[in-house]
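According to the working numbering, the sequence shown is numbered sequentially starting from 1235. A virtual CB, placed ideally from N, CA and C, is assigned to each residue, including glycine. As the structure is a computational prediction, the values presented were derived from the model and not from experiment.
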Amino acid sequence: MSDIQEKIQEEVEQARAVCDITGSNSAECAAAWDAVEELQAEASHQRQSKPKNSLEKYCDDNPDAVECRVYDD
């Protein structure tokens, strides 16, 4: 996951550089920020599709089990 975060950071820096050179209303600037948005969407998708671990599966089947209780502070 950190690999995609590094790639996002690189694209952000590149987008800023492109916009500084070509202007914030240029097509190149818009395309650079589109690339950033696509990477951010992919990172979000990867976070959402994280597989459940064995405890999460157990708690889905047994929500009243002692191991699955959640206490609010």
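Query                                                                                                                  : Result
Distance between beta carbons of E1245 and V1270, contact taken as under 8 Å                                           : 5 Å
Euclidean distance between Cα positions of D1307 and E1276                                                             : 34 Å
Residues of its chain near C1302, where Cβ-Cβ distance is below 6 Å and the 5 sequence neighbours each way are ignored : C1293
Same chain, Cβ closer than 6 Å to N1287, five either side skipped, listed in chain order                               : none
Delimiting residues of the alpha helix (DSSP H) encompassing A1299                                                     : Neither: A1299 is in no alpha helix (DSSP H) and is coded neither H nor E.
Exposure label - V1304; buried when at least 16 CB within 10 Å                                                         : exposed
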